[in-house]
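Engineer: Dropping a structure here in structure tokens format, bear with me for questions.
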């Protein structure tokens with residue numbers, strides 16, 4: 003079973019949610035899922051943009067009580 | 118209460134001195150003790166390496182004897198920890214000794230991990246150790262022009278370093294009179310030129326004004342003798358590659374299984390290791406999603422010193438760390454600015470000024486007062 007790791011980047015400005023995801027992606031295994039928690043509106047756009055450009059998989063993205071949950075899978 | 122501090126960098130040193138002052142009476146009466154274990158008898162001012170890399174500081178200016186920075190009531194040993202036994206409140210050190218504790222603070226910092234990117238260590242210049250910074254300066258002195266690429270790994274120590282080294286390289290090339298023969302190309306891992314949006318909004322037009330080209334969403338995958346290839350599929354040829362490499366926590370943390378990449382899962386406010394009430398973590402060693410910077414370690418150390426002192430005197434912690442970070446930003450042309458923020462308030466950097474540059478230059482000397490807990 004692939005693991006799902008939570009990357010809690012709520013209420014942080016630097017390095018920020020996407021940079022946290024990139025750092026965590028390096029430590030993940032192919033097939034693992036990562037769920038980024040972000041209070042930065044920009045994450046809903048910039049994380050999918052990077053995921054698509056690199057070639058990982060976007061699983062879902064939704065906002066709940068002011069927090070974006072962006073779930074991705076490491077493909078390579 | 119036996120307090121053991123592992124690591125004699127900025128965080129550990131400020132914490133130890135702050136605690137020693139708060140617990141002066143308890144240390145005298147034996148109610149408390151503070152022991153620091155460090156890997157070196159020397160303390161290095163790490164931000165100075167950036168200046169060494171461009172010939173603005175000499176390595177000899179970066180060091181003090183660690184013992185000279187510590188309050189006399191602190192027991193200091195050069196004896197790095199090689200094994201943590203958190204279940205039994207003890208550590209083993211390189212000398213073979215076992216140190217027990219009631220409270221432990223882990224402040225072992227981070228290290229570059231250039232070897233994680235194939236070809237990077239062999240083909241790039243960097244400035245995170247004295248040897249690397251000196252090597253980079255020697256390489257710059259030989260450089261007569263061509264394409265210089267700045268490439269950035271994740272995570273890295275000092276979030277301002279990519280911008281600062283870029284602006285300082287411009288100054289360096291101008292002072293040597295070869296700027297017209299240089300094409301400087303800046304790359305950055307996310308979709309703007311800096312992780313802090315207000316800083317990116319300032320830096321990007323500065324790059325345009327100075328003729329620096331840039332590419333965002335660029336994460337190094339592999340480096341050859343003349344090309345850096347990104348995870349995103351682009352390639353950049355270079356004559357000189359300058360990198361801010363990815364970092365990891367210390368090997369002993371990874372080996373103990375205390376945190377992926379050597380970064381220990383840490384509570385944001387109380388700074389305890391997750392699941393442990395008597396294990397605290399500060400500085401680069403945490404896995405907190407905040408800047409790996411000296412100022413982070415400094416402000417965490419102050420908050421934690423207050424809490425540990427309260428644990429000794431009234432039996433409980435009293436303060437939360439609020440995520441405070443303060444970073445100078447050298448902007449080139451003799452100017453600098455700064456970014457200050459915490460968990461709740463974003464940064465609002467001001468226009469760079471000569472005054473802030475000179476304050477930063479002064480801080481390069483005042484650091485030692487800061488490490489002693491006086492500033």
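Residue numbers (the working numbering), protein chains in the order written: chain A, 3 to 78; chain B, 118 to 492. Beta carbons are placed, not taken as given, at the ideal position from N, Cα and C, and that holds for glycine. Note that this is a predicted model, so its numbers are computed, not measured.
Look at residue 136 of chain B and residue 221 of chain B and say whether their C-beta atoms are less than 8 angstroms apart.
Structural biologist: Residue numbering aside, residue 136 of chain B sits at position 19 when the second chain is read from its first letter. Residue numbering aside, residue 221 of chain B sits at position 104 when the second chain is read from its first letter. Contact flag unset, no.
Engineer: List the residues of chain B that residue 56 of chain A touches, going by C-beta distances under 7 angstroms, in chain order.
Structural biologist: Taking the first chain and counting its residues from 1, the one referred to as residue 56 of chain A is at position 54. Neighbours of residue 56 of chain A on chain B, chain order: 348, 349.
Engineer: Chain B beta carbons: is any one of them nearer than 8 angstroms to that of residue 15 of chain A?
Structural biologist: Here the question's residue 15 of chain A lines up with position 13 in the first chain. It does; some Cβ of chain B falls within 8 angstroms.
Engineer: Suppose contacts are defined by Cβ-Cβ distances below 8 angstroms. Is residue 448 of chain B in contact with residue 469 of chain B by that definition?
Structural biologist: Along the second chain, one-based indexing puts residue 448 of chain B at 331. Along the second chain, one-based indexing puts residue 469 of chain B at 352. Against a cut-off of 8 angstroms, the Cβ pair of residue 469 of chain B and residue 448 of chain B comes out as a contact.
Engineer: Please state the DSSP three-state secondary structure of residue 60 of chain A.
Structural biologist: Residue numbering aside, residue 60 of chain A sits at position 58 when the first chain is read from its first letter. The answer is strand: DSSP assigns residue 60 of chain A an E or B state.
Engineer: Name the residue from A/77, A/27, A/19, A/51 whose alpha carbon lies nearest to the alpha carbon of residue 59 of chain A.
Structural biologist: Position 57 of the first chain holds residue 59 of chain A. Nearest C-alpha to residue 59 of chain A: A/77.
Engineer: Use the C-beta contact count for residue 483 of chain B: other C-beta atoms within 10 angstroms, 16 or more gives buried, fewer gives exposed.
Structural biologist: The residue you call residue 483 of chain B lines up with position 366 of the second chain. Exposed, by the Cβ-count rule.
Engineer: From the beta carbon of residue 52 of chain A, is the nearest beta carbon of chain B less than 8 angstroms away?
Structural biologist: As a position in the first chain, residue 52 of chain A is number 50, starting the count at 1. It does; some Cβ of chain B falls within 8 angstroms.
Engineer: Within 8 angstroms (strictly less), CB to CB, does residue 18 of chain A reach chain B?
Structural biologist: Translated into positions along the first chain, residue 18 of chain A becomes position 16. Answer yes: the Cβ-Cβ gap between residue 18 of chain A and chain B drops below 8 angstroms somewhere.
Engineer: Taking 8 angstroms as the CB-CB limit, is residue 377 of chain B close to chain A?
Structural biologist: In the second chain, residue 377 of chain B corresponds to position 260, counting from 1. It does: the Cβ of residue 377 of chain B has a partner Cβ on chain A nearer than 8 angstroms.
Engineer: Mind listing which residues of the segment 20 to 37 of chain A have their C-beta closer than 7 angstroms to chain B's C-betas, in chain order?
Structural biologist: Residues passing the 7 angstroms Cβ filter: 20, 21, 22, 24, 25, 29.
Engineer: What three-state label does DSSP hand residue 173 of chain B in the structure shown?
Structural biologist: Here residue 173 of chain B refers to the residue found at position 56 of the second chain. If DSSP states are grouped into helix, strand and coil, residue 173 of chain B belongs with coil.
Engineer: Which value, in whole angstroms, describes the spacing of the CA atoms of residue 236 of chain B and residue 341 of chain B?
Structural biologist: The residue given as residue 236 of chain B occupies position 119 in the second chain. The residue given as residue 341 of chain B occupies position 224 in the second chain. Computed Cα separation, rounded: 6 angstroms.
Engineer: How many angstroms separate the CA atom of residue 454 of chain B from the CA atom of residue 203 of chain B?
Structural biologist: For the purposes of this step, residue 454 of chain B is taken as the residue at position 337 of the second chain. For the purposes of this step, residue 203 of chain B is taken as the residue at position 86 of the second chain. About 42 angstroms.
Engineer: According to the neighbour-count rule (16 or more other Cβ atoms, all chains shown, within 10 Å of its Cβ), is residue 431 of chain B buried or exposed?
Structural biologist: Counting from 1 along the second chain, the entry for residue 431 of chain B is found at position 314. Classification of residue 431 of chain B: exposed, given that the 10 Å Cβ count is below 16.
Engineer: Name the two residues that bound the continuous beta strand (DSSP E) containing residue 455 of chain B.
Structural biologist: The residue you call residue 455 of chain B lines up with position 338 of the second chain. Counting along the chain, the beta strand (DSSP E) containing residue 455 of chain B begins and ends at 452 to 458.
Engineer: Should residue 187 of chain B and residue 161 of chain B be called a contact, given that it needs their Cβ atoms to be closer than 8 angstroms?
Structural biologist: In the second chain, residue 187 of chain B corresponds to position 70, counting from 1. In the second chain, residue 161 of chain B corresponds to position 44, counting from 1. It is not a contact, given that the beta carbons lie outside the stated cut-off.
Engineer: Report back the beta-carbon spacing between residue 12 of chain A and residue 73 of chain A to the nearest angstrom; my notes put them in contact at under 8 angstroms.
Structural biologist: By 1-based counting over the first chain, the position of residue 12 of chain A is 10. By 1-based counting over the first chain, the position of residue 73 of chain A is 71. In fact, because the Cβ distance is near 15 angstroms, the residues do not count as touching under 8 angstroms.
Engineer: Note down, in chain order, every chain A residue with its Cβ under 7 angstroms from the Cβ of residue 461 of chain B.
Structural biologist: Residue numbering aside, residue 461 of chain B sits at position 344 when the second chain is read from its first letter. What residue 461 of chain B touches in chain A: 13.
Engineer: DSSP three-state label for residue 343 of chain B, please.
Structural biologist: Reading the second chain from its first residue, position 226 is the one you call residue 343 of chain B. Looking at residue 343 of chain B - three-state DSSP - the assignment turns out to be coil, as it is neither helix nor strand.
Engineer: Are there 16 or more other CB atoms within 10 angstroms of the CB of residue 353 of chain B, so buried, or fewer, so exposed?
Structural biologist: For this step, residue 353 of chain B is matched to residue 236 along the second chain. Buried is the call here.
Engineer: Which runs of the alpha helix (DSSP H), 4 residues or longer, sit entirely within the segment 377 to 435 of chain B?
Structural biologist: Correct list: 411 to 430.
Engineer: Rounded to whole angstroms, what is the Cα-Cα separation between residue 205 of chain B and residue 421 of chain B?
Structural biologist: The residue you call residue 205 of chain B lines up with position 88 of the second chain. The residue you call residue 421 of chain B lines up with position 304 of the second chain. Looking at the two C-alpha atoms, the distance is approximately 22 angstroms.
Engineer: Would you check if the distance between the CB atom of residue 164 of chain B and the CB atom of residue 411 of chain B is smaller than 8 angstroms?
Structural biologist: What you label residue 164 of chain B is simply residue 47 of the second chain in a count that begins at 1. What you label residue 411 of chain B is simply residue 294 of the second chain in a count that begins at 1. In this structure, residue 411 of chain B lies closer than 8 angstroms to residue 164 of chain B by Cβ.
Engineer: Buried or exposed: residue 130 of chain B, going by 16 or more other Cβ atoms within 10 Å of its Cβ?
Structural biologist: The sequence position of residue 130 of chain B within the second chain is 13, counting from 1. Result: buried.
Engineer: Could you compute how far the alpha carbon of residue 368 of chain B sits from the alpha carbon of residue 296 of chain B?
Structural biologist: Locating residue 368 of chain B in the second chain gives position 251, counting from the first residue. Locating residue 296 of chain B in the second chain gives position 179, counting from the first residue. Their backbone Cα atoms lie some 41 angstroms apart in a straight line.
Engineer: Starting from the N-terminal side, write out each stretch of the beta strand (DSSP E) that is 3 residues or longer and does not extend beyond the segment 159 to 239 of chain B.
Structural biologist: Whole beta strand (DSSP E) segments, 3+ residues: 159 to 161, 180 to 182, 192 to 195, 198 to 202, 207 to 210, 215 to 217, 220 to 223, 227 to 229.
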